[in-house]
Amino acid sequence: MGKDKVENEDLIRHGFPELSSAHVYLRMPEGMAWTAIPDALLEDCSQLVKANSIEGNKKNNITIIYTPHSNVKKTGDMAVGAVSFYNDRLVKRFYVKERKNEIVNRLNKTKEERVVDYEAERQERERMEGRKKKEHALQQKKETLEAKRHYKEQAAAKDYAHLFSDEAIAEAQREKQRQSRLQAAQKQAAGQGDEEDGEDVYESDDSFM
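For what it's worth, full-length UniProt numbering labels the leading residue of the sequence shown as 1, then goes sequentially.
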């Protein structure tokens, strides 16, 4: 929170994108959506808004409005601390029946006052976001290359499996049988040739008649 409406101007100017509300700024944990802020947390923020409002602190049954920081509109003709919104549909409301001192006192016990360079914090935040985006892009590139490699391996495996399809196996068996028959025929032909070469030849001799 800004100590006053002048400090609120710095918050308006240099707030983080996920900050909610215009005068009490909530730096939500990473991953939390502004539309899903727990009611207990909204109650704490709303009680702070009420307790630190000159008019609102005197009233019951008030409505606190909140919106993302990116929806806070500030123009040069507005009074110090005053804001409007770019899109009214991005403005939500939280009902506060009355001031709850137990909440305000609890939060005041953890109150810390310090001088903040909001511009420097915003610049550091943007540098951090830039590093995250770069790391994310590198990770996506790595995952894309890995997916392509995996796809190529699968395609190669399918081609290899095609070699062992039923048709390919049957053709290989037929070829093996043809080779076996050819080898058998060649052996048979070679055996017949040996018998003809080694056959005994006798000449007729009348003395043995």
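Using N, Cα and C, we set each Cβ at its ideal position, and we do this for glycine too.
Would you please state the rounded distance, in angstroms, between the beta carbons of residue i and residue j? I believe it to be under 8 angstroms.
| i | j | result |
| --- | --- | --- |
| I62 | R93 | With a Cβ gap of about 10 angstroms, I62 and R93 do not count as contacting. |
| K73 | S84 | 5 angstroms |
Cβ of residue i within 9 angstroms of Cβ of residue j?
| i | j | result |
| --- | --- | --- |
| L26 | L41 | yes |
| V49 | V80 | no |
| R127 | A51 | no |
| E43 | I103 | yes |
| L107 | Q47 | yes |
Look up residue i in the DSSP assignment and say whether it is helix, strand or coil.
| i | result |
| --- | --- |
| A22 | Here the model assigns A22 a pLDDT of 49, short of 50, so the residue's position is not dependable and the matter cannot be decided. |
| residue 212 | No answer is possible for residue 212: it lies beyond the span of the chain, which begins at 1 and ends at 209. |
| I65 | strand |
| V201 | Interpretation of V201 is limited by its pLDDT of 44, a score under 50 that renders its predicted location unreliable; no figure is taken from the coordinates. |
| R93 | strand |
| V80 | coil |
| K73 | strand |
Count the other CB atoms, across all protein chains shown, that sit within 10 Å of the CB of residue i; report buried if there are 16 or more and exposed otherwise.
| i | result |
| --- | --- |
| T35 | exposed |
| P68 | buried |
| S21 | Residue confidence is low: S21 scores 48 on pLDDT, short of 50, so the model does not pin down where it sits. Its coordinate-derived value is still stated next. Result: buried. |
| N71 | buried |
According to DSSP, what are the bridge partners of residue i?
| i | result |
| --- | --- |
| V116 | Looking at the DSSP assignment, V116 forms no beta bridge with any residue, so it has no partner. |
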